[in-house]
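Novice:
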Amino acid sequence: MATNIYKDTVYIPLEDVESEHCALIVEKGLAHVQGVESQKVELNNRRAAITVNDSEAVAKAVRAVKDLGYGVPTVTKTFPVLGMTCASCASSAESMVKYEPGVLNAAVNFATGNLTVEYLPTITDSIKIQKAVQGGGYDLLLEDESTQQETLESIHAAKFKTLKTKTIWAVILALPVVIIGMFFMDMPYANLIMWLFSTPVILLLGKDFFINAWKQARHRSANMDTLVALSTGIAYVFSVFNMLFADFWHQRGLHAHVYFEAAAVVIAFILLGKLLEEKAKGNTSSAIKKLMGLQPKTVVIIDADGTERQVPIETVNAGDIIQVKPGEKIAVDGMVIAGSSYVDESMLSGEPVPVLKVENEKVFAGTINQKGSFRFKAVKVGKETMLAQIIKMVQDAQGSKAPVQKLVDKIAGIFVPVVIGIALFTFALWLILGGQNGVVQGLLAAVTVLVIACPCALGLATPTAIMVGVGKGAENGILIKDAESLELAKRVNAVVLDKTGTITEGRPQVTGIQWLDNSDAAKNILLSIEKQSEHPLAEAVVDHFSAADTVAVNQFESITGQGAKASFDGEYYYVGNGKLLAEYKIHIAKQLAQQAELWGAESKTVIWFANSREALAVIAISDTIKKSSVRAIQEMQSMGIELYMLTGDNETTARAIAEQTGMKHYKAEVMPQHKAAFVRELQQQGKVVAMVGDGINDSTALATADVSIAMGKGSDIAMDVAKMTIISSDLTKIPQAIRLSKQTVATIKQNLFWAFIYNVIGIPVAAGILYPINGFLLNPMIAGAAMALSSVSVVSNSLRLKWKK
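In terms of full-length UniProt numbering, the sequence shown opens at residue 1 and continues consecutively.
#1: What is the residue span of the alpha helix (DSSP H) that Gln436 lies within?
#2: Return the CA-CA distance between Val688 and Ala710, expressed in angstroms with no decimal places.
#3: For the segment 500-552, list the beta strand (DSSP E) runs that are entirely contained and at least 3 residues long, ordered along the chain.
#4: Compute the beta-carbon to beta-carbon distance between Pro312 and Lys325, rounded to the nearest angstrom, for a pair I have assumed lies under 8 Å.
#5: I need the straight-line Cα distance from Ile315 to Ser728, nearest angstrom please.
#6: Any idea which residues DSSP pairs Arg47 with across the strands?
#7: Which same chain residues, not among the five before or five after Ile368, have their C-beta less than 6 Å away from its C-beta?
#8: Please classify Glu308 as buried or exposed, where buried requires at least 16 other C-beta atoms within 10 Å of its C-beta.
#9: Assuming Ile529 and Tyr573 form a contact by the criterion Cβ under 8 Å, report the distance between their Cβ atoms to the nearest whole angstrom.
#10: Are Ile129 and Val97 closer than 8 Å when you measure CB to CB?
#11: Given that a residue counts as buried once 16 or more other Cβ atoms are within 10 Å of its Cβ, and exposed if not, what is Leu356?
#12: Put Glu602 into one of helix, strand or coil per three-state DSSP.
#13: Give the straight-line distance between the Cα atoms of Asp482 and Ala564, rounded to the nearest whole angstrom.
#14: Inspect the CB distances between the segment 613-621 and the segment 587-604 and report whether three or more fall short of 8 Å.
#15: Nearest-angstrom Cα distance between Thr165 and Asn109?
#16: Exposed or buried, what is His544 when buried is set at 16 or more other beta-carbons lying within 10 Å of its beta-carbon?
#17: Classify residue 816 as buried or exposed, calling it buried when 16 or more other Cβ atoms lie within 10 Å of its own Cβ.
#18: On the criterion of 16 or more Cβ atoms from any shown chain inside 10 Å, does Glu484 qualify as buried, or is it exposed?
#19: Which of helix, strand or coil does DSSP assign to Ser793?
#20: When the Cα of Ala755 is compared with those of Thr704, Gly775, Met691 and Thr462, which residue comes out closest?
#21: Would you mind stating whether Met194 and Ile172 have Cβ atoms separated by less than 8 Å?
#22: Are there 16 or more other CB atoms within 10 angstroms of the CB of Lys664, so buried, or fewer, so exposed?
#23: Quick one: what's got a C-beta closer than 7 Å to Gly382's C-beta in the same chain, skipping five residues either side?
#24: Alpha carbon to alpha carbon, how far is Thr704 from Tyr70? Give it in angstroms, no decimals.
#25: Note down, in chain order, each residue of its chain lying with its Cβ closer than 6 Å to the Cβ of Glu557, except the 5 sequence neighbours on either side.
#26: Evaluate the contact criterion for the segment 731-745 versus the segment 512-528: three or more CB pairs, one atom per stretch, below 8 Å.
#27: Ends of the alpha helix (DSSP H) at Gly762?
#28: For Ser19 and Leu104, what's the separation of their Cα atoms in angstroms?
#29: Val795 to Ala246, Cα distance in whole Å?
#30: In angstroms with no decimal places, state the Cα-to-Cα distance between Ala654 and Ile641.
#31: Report the partner residues of Lys380 according to the DSSP bridge assignment.
#32: Report the three-state DSSP secondary structure of Ala589 (helix, strand or coil).
#33: Find the nearest neighbour of Ile625 within the set Thr647, Ala262, Leu616 and Ile657, judged by alpha-carbon distance.
#34: Go to residue 809, then tell me how far its alpha helix (DSSP H) extends in each direction, as first and last residue.
#35: Enumerate in chain order the residues of its own chain whose CB-to-CB distance from Ile548 is below 6 Å, with the five nearest sequence positions on each side excluded.
#36: Kindly list the residues whose CB is nearer than 7 Å to the CB of Ala582, restricted to its own chain and excluding five residues on each side of it in sequence; keep chain order.
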């Protein structure tokens, strides 16, 4: 609902508005935004001055500017929310933030306990957002990210410890009340004893329910604590009244029942449920904890004078020289400058075999050094490391909301008021139709309705499954950026694959060599010439002959479009294509010519090595197919998914790759801009399309696809655009991601079904719908146990995802 909160002009910072023409376009666009009364673009200050009359107008204005193609610098941050107890709390806190001036988007995830907010720093800041949340009875943790996790863990640990203590004492004190209430009601001083035991349970151990309910009431809101406080408070006060003023009922021919056991046991059960829920929710974020545990707390720095000193990881700067000893975890991303060792990179690539790291090789934070030791120069530290980016991506994905959650949030937002309404209606109905015991039974039924209703089960149904699903993906080398892509992946029925770097390795390799006369001396000369060459194919030859020795070749000359030549021991040697040999009239033996023709038919690049008289060898170079690609393609086709390969290579090469991998559909000589058009074409046919690529040329197609998947060894732009990243670039992870999506969505549906069914059946039964049929009236104690177990069962069902293959 619109509220008149602005009296002054609000300034929106602008990007890319360089001329009067641009300013005029922006002004015209803002003129059509509802709630904007006046607008003026100030070119000198690079901002738009607008006068608005409602709290949502600023967000609408920013969206309007972005829709026109101009930038608006905004800030997106994630803050832990403290004091939430149920899904209704999350909905309440979220709505408070959304109405804060300058906030463009806000989402509170109850399962993670985080608020993700996008705002204009020129209008609001984190302090104002915190005050808005505090206005709803909650709080924000504004600490720096480096210390935030430790603070949160200490808060949760203290909360869990307190909750555990309260639960134990509540059970101990409630137990004698139940025994007396159920079996020894007629013993002397029974009511007084139950009152003495239940009072500390209600007023001390359960006081937080009443405090939080009062905070909500002050802000004209209601949540799970409201239901608990009303139900247990009414039962307790009613019992105290009946105990102290029993004659009031006796004079009316009724027995003065007390329900201390119901009030005490409900508090005990709900505390137990919260304890189990807190423990289970902690397990859902175990993936993040594992990732964070990969980074060491301290590192050994080598100073300029060669001395070693141990420092906290937070103080490491780019350019520092770090010593890594056997068995240690690598602290930051960097480049090896001295020494060598094998490093376990399974957390990044999923490959169990350690990788040899020598001088000029990259190393990454979180990977584990094996038996050797080496020194490396820090290149990326803090938030810039690959591990930090992975952690951030997983956190963002776990905090994001799946589309189905939007409906659940709306239900959670009105759930508590609706339940209170049902409880009042139940009491009124019993009062009218219940006869002599209508008041007592109506009151009990209303209390039971308040106790059994559980918005938490609804609120936890989707986010807990998403958290576990995203976490499991991360543990298996599949980084999922948001819940929407995880939910949508199960519907994918067409996958478009880029060839280079996706199906193939993405770098040329020597796949065959035939010598006229195989000799070590010739290999040494070939390696020495190619080491000096800058041609991309030369690197493949150097890698292939890395075990050979180099010799001192002279008069090296690069011949554009043909190859290179150099002299050794008075003889000229040539490395290049057929044109080079023809230019210098070099003879090619028949067997070498036949082999070159055969490799050419297979779309392999052929290069020659010759002396001044004859060809000494013919070498085949091609971009080899990844070992996992064929298996992955067969697996996806068996799942009923249509596969399409797009490549800029010629028809012959594309056909050869398609035949080797078993691909039925492919397109050759495809330009980057045409890849996106092909994705749209498939979408127009009604297909849900996943695009898999690794290069800058794939970024447009990735952005166009329904589900975008980037190869982890590809370009940063591709990974930025894509909603999923396969860290190891292993194609078999794609069918894994689709199966994970199916399992996660199935778990969400199960959770929502049971959460809805629980409330749909539980509330009417609690209201007494079965009483006219068989005289059954649900005991509030049983209702409290059912309510506690409903949330735990939803979280436990989500945790089952961890053990599914």
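Just so it is clear, CB atoms sit at the ideal spot from N, CA and C, and this is done for glycine as well. The structure displayed is predicted, hence computed values, not measured ones.
Specialist: Looking at the atomic coordinates:
#1: Indexing the sequence shown from 1 puts residue 436 at position 436. Counting along the chain, Gln436 falls outside any alpha helix (DSSP H), and DSSP gives it neither H nor E.
#2: Position 688 of the sequence shown, counted from the start, is the residue given in the question as residue 688. Position 710 of the sequence shown, counted from the start, is the residue given in the question as residue 710. Cα to Cα, Val688 sits roughly 17 Å from Ala710.
#3: 504-515, all fully within the segment 500-552.
#4: To locate residue 312, count along the sequence shown from 1; it is residue 312. To locate residue 325, count along the sequence shown from 1; it is residue 325. The pair is not a contact, with the Cβ atoms about 18 Å apart (cut-off 8 Å).
#5: Within the sequence shown, numbered from 1, the residue matching residue 315 stands at position 315. Within the sequence shown, numbered from 1, the residue matching residue 728 stands at position 728. Residue identity check: residue 315 is Thr in the sequence provided, not Ile. Rounded to the nearest whole angstrom, the CA to CA distance from Thr315 to Ser728 is 30 Å.
#6: Residue numbering aside, residue 47 sits at position 47 when the sequence shown is read from its first letter. Note: Arg47 sits in a beta bridge opposite Pro13 and Glu42.
#7: Walking along the sequence shown from the start, residue 368 turns up at place 368. Within the same chain, Cβ atoms closer than 6 Å to the Cβ of Ile368 are found at Lys329 and Asp344, the five residues on either side in sequence being excluded.
#8: Against the sequence shown, residue 308 aligns to sequence position 308. A residue is called buried once 16 or more other Cβ atoms fall within 10 Å of its Cβ, and Glu308, having fewer, is exposed.
#9: Within the sequence shown, residue 529 is the residue found at index 529, counting from 1. Within the sequence shown, residue 573 is the residue found at index 573, counting from 1. Ile529 to Tyr573, Cβ: 6 Å. Contact.
#10: Position 129 of the sequence shown holds residue 129. Position 97 of the sequence shown holds residue 97. Yes; because the gap between Cβ atoms is below 8 Å, this pair is in contact.
#11: The residue given as residue 356 occupies position 356 in the sequence shown. Exposed, because fewer than 16 other Cβ atoms sit within 10 Å of the Cβ of Leu356.
#12: The count along the sequence shown starts at 1 and reaches residue 602 at position 602. It is coil, neither helix nor strand.
#13: Walking along the sequence shown from the start, residue 482 turns up at place 482. Walking along the sequence shown from the start, residue 564 turns up at place 564. Going from the Cα of Asp482 to the Cα of Ala564 covers about 50 Å.
#14: yes
#15: Position 165 of the sequence shown, counted from the first residue, corresponds to residue 165. Position 109 of the sequence shown, counted from the first residue, corresponds to residue 109. When the Cα atoms are used, Thr165 and Asn109 turn out to be separated by approximately 27 Å.
#16: On the sequence shown, residue 544 is found 544 positions in, with the first residue counted as 1. Buried: at least 16 other Cβ atoms inside 10 Å.
#17: In the structure displayed, the chain extends from 1 to 805; residue 816 sits before or after that span and is not available.
#18: Walking along the sequence shown from the start, residue 484 turns up at place 484. Around the CB of Glu484, 16 or more other CB atoms lie within 10 Å, so the residue is classed as buried.
#19: Reading the sequence shown from its first residue, position 793 is the one you call residue 793. Looking at Ser793 - three-state DSSP - the assignment turns out to be helix.
#20: Stepping through the sequence shown from its first residue, residue 755 is reached at position 755. Comparing C-alpha distances from Ala755 to each of Thr704, Gly775, Met691 and Thr462 shows the shortest one belongs to Thr462.
#21: Your numbering for residue 194 matches position 194 in the sequence shown. Your numbering for residue 172 matches position 172 in the sequence shown. For Met194 and Ile172, no; Cβs fall outside 8 Å.
#22: Taking the sequence shown and counting its residues from 1, the one referred to as residue 664 is at position 664. Answer is exposed; the Cβ neighbour count stays below 16.
#23: Here residue 382 refers to the residue found at position 382 of the sequence shown. Cβ within range, chain order: Ala388.
#24: What you label residue 70 is simply residue 70 of the sequence shown in a count that begins at 1. What you label residue 704 is simply residue 704 of the sequence shown in a count that begins at 1. Near 20 Å, if we compare the C-alpha coordinates of Thr704 and Tyr70.
#25: On the sequence shown, residue 557 is found 557 positions in, with the first residue counted as 1. Closer than 6 Å at Cβ, skipping near neighbours: Lys565.
#26: no
#27: On the sequence shown, residue 762 is found 762 positions in, with the first residue counted as 1. It spans Lys733 to Ala767 - the alpha helix (DSSP H) in which Gly762 sits, taken as one unbroken run.
#28: On the sequence shown, position 19 is the one that residue 19 refers to. On the sequence shown, position 104 is the one that residue 104 refers to. The straight-line gap separating the alpha-carbon atoms of Ser19 and Leu104 is approximately 26 Å.
#29: Reading the sequence shown from its first residue, position 795 is the one you call residue 795. Reading the sequence shown from its first residue, position 246 is the one you call residue 246. Whole-angstrom Cα-Cα distance: 44 Å.
#30: Position 654 of the sequence shown holds residue 654. Position 641 of the sequence shown holds residue 641. Taking the straight line from one Cα to the other gives about 20 Å.
#31: Against the sequence shown, residue 380 aligns to sequence position 380. Bridge partners of Lys380: Asp333.
#32: Within the sequence shown, numbered from 1, the residue matching residue 589 stands at position 589. Correct three-state label for Ala589: coil.
#33: Against the sequence shown, residue 625 aligns to sequence position 625. Nearest C-alpha to Ile625: Ile657.
#34: This structure cannot speak to residue 809, because the chain is shown only from 1 to 805.
#35: By 1-based counting over the sequence shown, the position of residue 548 is 548. Note on residue identity: the sequence assigns Ala, not Ile, to residue 548. Counting only Cβ-Cβ distances below 6 Å, and skipping sequence neighbours, we find Lys523, Asn524 and Leu527.
#36: Reading the sequence shown from its first residue, position 582 is the one you call residue 582. Here the set comprises nothing.
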